[in-house]
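Numbering (our numbering), first residue to last: 8 to 509.
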Amino acid sequence: MPSVFIKTYGCQMNERDSEAVAAQLVAKGYTLAPSEAVADVILLNTCSVRDFAEKKAVGKMQNIAADVRKNRPDVVLGFLGCMAQSRGQELIDKLPDVDLVLGTQKFHHAADYLDEILAGRRDKIVDVAAEQGSEATIREHLLYGKVAKNGDGHKPPPPVTAFVSIMQGCNQRCTFCIVPDTRGEERSRGIADIVAECRQLVSRGVKEITLLGQIVTSYGKRDGVAVGVTPAVEPGVTPGGSTPGSSKRLEISHIVPGGKMPPSTAGGTPAATSPFVQLLDAVHEIEGLERIRFTAPHPKGYGDDLIEAYARLHKLVESAHLPVQSGSDRVLKLMHRGYTRERFLGIVKKLRRAKPDISITTDIIVGFPGETEDDFEQTLSLAREVEFDNAYIFKYSPRRDTPAAGMPDQVPLKIREERNHRLLETINEIGKRKYEAFIGRRTQILVEGPSKKNPARMTGRTRCNKIVVFEGSDRHRGQLLDVKITRAGSFTLYGDPAIVNL
Ligand code: SAM
8 MPSVFIKTYG CQMNERDSEA VAAQLVAKGY TLAPSEAVAD VILLNTCSVR
58 DFAEKKAVGK MQNIAADVRK NRPDVVLGFL GCMAQSRGQE LIDKLPDVDL
108 VLGTQKFHHA ADYLDEILAG RRDKIVDVAA EQGSEATIRE HLLYGKVAKN
158 GDGHKPPPPV TAFVSIMQGC NQRCTFCIVP DTRGEERSRG IADIVAECRQ
208 LVSRGVKEIT LLGQIVTSYG KRDGVAVGVT PAVEPGVTPG GSTPGSSKRL
258 EISHIVPGGK MPPSTAGGTP AATSPFVQLL DAVHEIEGLE RIRFTAPHPK
308 GYGDDLIEAY ARLHKLVESA HLPVQSGSDR VLKLMHRGYT RERFLGIVKK
358 LRRAKPDISI TTDIIVGFPG ETEDDFEQTL SLAREVEFDN AYIFKYSPRR
408 DTPAAGMPDQ VPLKIREERN HRLLETINEI GKRKYEAFIG RRTQILVEGP
458 SKKNPARMTG RTRCNKIVVF EGSDRHRGQL LDVKITRAGS FTLYGDPAIV
508 NL
């Protein structure tokens, strides 16, 4: 069977989609190539959020295509994901060596389409149509980690953490964002279906699950009753080659129509919780699961029920990624974000009251059209006031067919770069202080495996999502370990396992 190499650009959602495609192909007998240089099929899973990400993927494919055309003409090339969705046939017109263009609702057809191309039955395939039910198709996992060793018989150990896709699409229509066009309308999977996937992962050793979606706090809001009872194909966890499971209808009984729950149950769930909090409650009940994370929420979705969930559900860790985008009300309005600076600060306050040690990270766009120096100063002051643990800073990038791209007063690149630099300095300064405050403290980590930078050391994460590197061994993998923090680097902590655990 052929080997495949998948390179992923962009967010965790894209990473998860790539993993599901890889697992699907492994189940069909493909092997995972360690690099593009030795792969029979090369797929680029793309991102469209900024122009830079698109250019990178196109440039990469141009280089690969030039090499393949000269040296390995039988290699199959494909674009997947967001840019594939937004550009479609245009990509093959531009790069005629590309054989496959697969949109965001079509990942689950990758294996069938590749079969057809490899067997010579079809030449080029472009499929970017919408497909009903596609939100429930990102379900297969690679049991033995992201890279299967080729031929040497050595399988990496199963992962300790996993991402689970709970929904697709976005209806927010922020004026800067292309995602509603590349990912389509919001569509949520059923709770029972998601819980079944989580259970299966936990039964195979996963200790921490991150629930994923474009706006997870909107989970189930549009789907109403369907949230509790989606007919489910039992998710496949692919142990390096088996076929995903059979069709099965799964239901859980306590979900009631309209996304509401009856007043307080045994678990102490408050009345009238949102579907997302219902999902958190259901996942929280899974025995053996230690930690729950989620990303990305929308600040608008932080109702009191979600704040209470942080206080109530001990597996829900002390970490929140809250994309604020700007500290200026004027810019937030132009962005169509649906909250004010004051509302955002109110959410942060409530979260810190519920979980005093919570870490708060964010996304910020600098140089949005019309952003003045004064608006930017307000973003700087918000960053200082909240004291974000970290922030992803994006220079505004005009996207095709988005309202912001046509707005007046586009900010020159030089100013966007300068603001990016200033904000980064502020974020780094705050981050340094926050990380140094951990020195001397004892904290719990979940050990994930060898450190990427130095495989002789082990790495884990605190509940508040900080990476800790320590001298450990493979026997620590998957353990919840107490460590004493001895040093803080740039967004990394270093620790010693506390005596009690040795
Ligand atoms: N779901 C999240 C939300 O809006 O709350 C964001 C998901 S988006 C894929 C990730 C981040 O990319 C956004 O939070 C935003 O900061 C950034 N982003 C999106 N569109 C952008 C654009 N046109 N230019 C620069 N950054 C952008």
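C-beta atoms are modelled at their ideal positions from N, C-alpha and C, and glycine is treated no differently. This structure is a prediction, so every number in the text was calculated from the model and none was measured.
- Would you identify the three-state DSSP class for Thr280, choosing helix, strand or coil? Start at 1 with the first residue of the sequence shown, and residue 280 comes out as number 273. When DSSP states are grouped into helix, strand and coil, Thr280 belongs to the coil group.
- By the 10 Å Cβ neighbour count, where 16 or more other Cβ atoms means buried, how is Val45 classified, buried or exposed? For the purposes of this step, residue 45 is identified with residue 38 of the sequence shown, where counting begins at 1. Classification of Val45: exposed, given that the 10 Å Cβ count is below 16.
- In the DSSP assignment, find the alpha helix (DSSP H) that holds Gln92 and state where it starts and stops. By 1-based counting over the sequence shown, the position of residue 92 is 85. Run containing Gln92: 88–94, per the alpha helix (DSSP H) assignment.
- For His148, which of helix, strand or coil comes out of DSSP? To locate residue 148, count along the sequence shown from 1; it is residue 141. Strand.
- Message: So, at 7 Å on beta carbons, what are the nonlocal neighbours of Gly447 in its own chain, with the 5 sequence-adjacent residues on each side left out?
- Response: Locating residue 447 in the sequence shown gives position 440, where the first residue counts as 1. Only Ile492 meet the Cβ criterion.
- Compute the beta-carbon to beta-carbon distance between Asp24 and Gly88, rounded to the nearest angstrom, for a pair I have assumed lies under 8 Å. In the sequence shown, the residue the question calls residue 24 occupies position 17. In the sequence shown, the residue the question calls residue 88 occupies position 81. The Cβ separation is near 6 Å, so the contact holds.
- Decide if Leu32 is buried, meaning its Cβ has at least 16 other Cβ atoms within 10 Å, or exposed. Within the sequence shown, numbered from 1, the residue matching residue 32 stands at position 25. Leu32 comes out buried.
- Query: Is Gly66 helix, strand or coil when you go by DSSP?
  - Reply: Walking along the sequence shown from the start, residue 66 turns up at place 59. Three-state DSSP puts Gly66 in a helix.
- Message: Threshold first: 3 residues or longer. Then list the beta strand (DSSP E) segments lying entirely within the segment 164–204, N to C.
- Response: 168–172
- Task: Under the assumption that Asp104 contacts Val75 (Cβ atoms under 8 Å), give the Cβ distance between them as a whole number of angstroms.
- Result: For the purposes of this step, residue 104 is identified with residue 97 of the sequence shown, where counting begins at 1. For the purposes of this step, residue 75 is identified with residue 68 of the sequence shown, where counting begins at 1. Contact holds; Cβ gap of about 7 Å.
- Message: At the level of alpha carbons, what is the spacing between Met268 and Pro457?
- Response: The residue you call residue 268 lines up with position 261 of the sequence shown. The residue you call residue 457 lines up with position 450 of the sequence shown. The predicted model places Met268 with a pLDDT of 40, which falls under 50 and marks its position as unreliable, so this point remains unresolved.
- Query: Since Gln385 is in the alpha helix (DSSP H), which residue starts that stretch and which ends it?
  - Reply: Locating residue 385 in the sequence shown gives position 378, where the first residue counts as 1. Unbroken alpha helix (DSSP H) run through Gln385: 380–393.
- Cβ-based neighbour list, Arg494, same chain, cut-off 7 Å, excluding 5 preceding and 5 following: Here residue 494 corresponds to residue number 487 of the sequence shown, with the count starting at 1. Hits under 7 Å: Ile446, Tyr501.
- Give a yes or no on whether 8 Å exceeds the smallest Cβ distance from Leu431 to chain D. Structure shown: chain D not included; a single protein chain is present.
- Query: When a residue counts only if its C-beta is closer than 6 Å to some heavy atom of the ligand SAM, which residues count, in chain order?
  - Reply: Cys18, Val56, Arg57, Cys181, Phe183, Cys184, Val186, Gln221, Ile222, Ala303, His305, Pro330, Gln332, Asp370, Ile372, Phe401, Tyr403, Ser404, Arg406
- Return helix, strand or coil for Tyr16, following the three-state DSSP convention. One-based indexing of the sequence shown puts residue 16 at position 9. Coil at Tyr16, not helix or strand.
- Message: Within 10 Å of its beta-carbon, does Asp288 have 16 or more other beta-carbons around it, so buried, or fewer, so exposed?
- Response: Sequence index remark: in the sequence shown, residue 288 carries index 281 (1-based). It counts as buried.
- Message: Is the separation between the beta-carbon of Gly85 and that of Asp106 shorter than 8 Å?
- Response: Stepping through the sequence shown from its first residue, residue 85 is reached at position 78. Stepping through the sequence shown from its first residue, residue 106 is reached at position 99. Taking 8 Å as the Cβ cut-off, Gly85 and Asp106 qualify as a contacting pair.
- Query: Which of the three DSSP states, helix, strand or coil, is assigned to Arg298?
  - Reply: Counting from 1 along the sequence shown, the entry for residue 298 is found at position 291. Strand.
- Message: Taking 8 Å as the threshold (C-beta atoms), are Asn427 and Val476 in contact?
- Response: Numbered from its first residue, the sequence shown carries residue 476 at position 469. Numbered from its first residue, the sequence shown carries residue 427 at position 420. Not closer than 8 Å, so no.
- Within the segment 302–362, ranges of the alpha helix (DSSP H) (whole runs, at least 4 residues): 311–319, 336–342, 348–361
- Minimum C-alpha distance to Ala91 - residue among Cys54, Asp119, His116: Reading the sequence shown from its first residue, position 84 is the one you call residue 91. That would be Cys54, whose Cα lies nearest to the Cα of Ala91.
- Message: With H, G and I counted as helix, E and B as strand and the rest as coil, what does DSSP make of Ala398?
- Response: Position 391 of the sequence shown, counted from the start, is the residue given in the question as residue 398. Reduced to three states, the DSSP call for Ala398 is strand.
- Item | For Leu387, the nearest candidate out of Glu424, Val167, Glu192, Ile371 (CA to CA) | Within the sequence shown, numbered from 1, the residue matching residue 387 stands at position 380. If we check each option's Cα against that of Leu387, Ile371 comes out closest.
- Query: Tell me which same chain residues have a C-beta within less than 6 Å of the C-beta of Thr302, skipping the five on either side of it?
  - Reply: Here residue 302 is taken as the residue at index 295 of the sequence shown, counted from 1. Same-chain partners within the cutoff: His328.
- Task: Give the straight-line distance between the Cα atoms of Glu147 and Gly308, rounded to the nearest whole angstrom.
- Result: Taking the first residue of the sequence shown as 1, we reach residue 147 at position 140. Taking the first residue of the sequence shown as 1, we reach residue 308 at position 301. Using only the alpha carbons, I get a separation of about 28 Å.
- Message: Can you tell me whether Tyr399 is buried or exposed? The criterion is at least 16 other CB atoms within 10 Å of its CB, across all chains shown.
- Response: On the sequence shown, residue 399 is found 392 positions in, with the first residue counted as 1. Tyr399 should be labelled exposed.
- Task: Report the three-state DSSP secondary structure of Gly467 (helix, strand or coil).
- Result: Counted from its first residue, the sequence shown places residue 467 at position 460. Note: Gly467 maps to strand in three-state DSSP.
- Any idea if His321 is buried or exposed, counting beta-carbon neighbours within 10 angstroms, 16 or more meaning buried? Sequence index remark: in the sequence shown, residue 321 carries index 314 (1-based). So His321 ends up on the exposed side.
- What are the residues that DSSP puts in a beta bridge with Gln285? Walking along the sequence shown from the start, residue 285 turns up at place 278. The partner list for Gln285 (beta bridge, DSSP) is empty, contrary to what the question assumes.
- Look at Arg391 and Thr433 and say whether their C-beta atoms are less than 8 Å apart. Looking up residue 391 in the sequence shown gives position 384. Looking up residue 433 in the sequence shown gives position 426. For Arg391 and Thr433, yes; Cβs fall inside 8 Å.
- Do you know whose CA, among Thr168, Arg128, Ser172, lies nearest Glu142's CA? As a first step, residue 142 must be located in the sequence shown, where it is residue number 135. That would be Ser172, whose Cα lies nearest to the Cα of Glu142.
- Item | Anticipated Cβ contact below 8 Å, Val223 with Phe170, distance rounded | The residue you call residue 223 lines up with position 216 of the sequence shown. The residue you call residue 170 lines up with position 163 of the sequence shown. Not really, about 12 Å apart at Cβ, beyond 8 Å.
- Message: Is the beta carbon of Glu215 closer than 8 Å to that of Leu453?
- Response: For the purposes of this step, residue 453 is identified with residue 446 of the sequence shown, where counting begins at 1. For the purposes of this step, residue 215 is identified with residue 208 of the sequence shown, where counting begins at 1. Cβ distance < 8 Å, so Leu453 and Glu215 count as in contact.
- Message: Give me, in chain order, the residues of the same chain whose beta-carbon lies closer than 7 Å to that of Arg359; leave out the 5 immediate sequence neighbours on both sides.
- Response: To locate residue 359, count along the sequence shown from 1; it is residue 352. Exclusion of the five residues before and after Arg359 leaves Ile365 as the residues of its chain whose Cβ lies within less than 7 Å of its Cβ.
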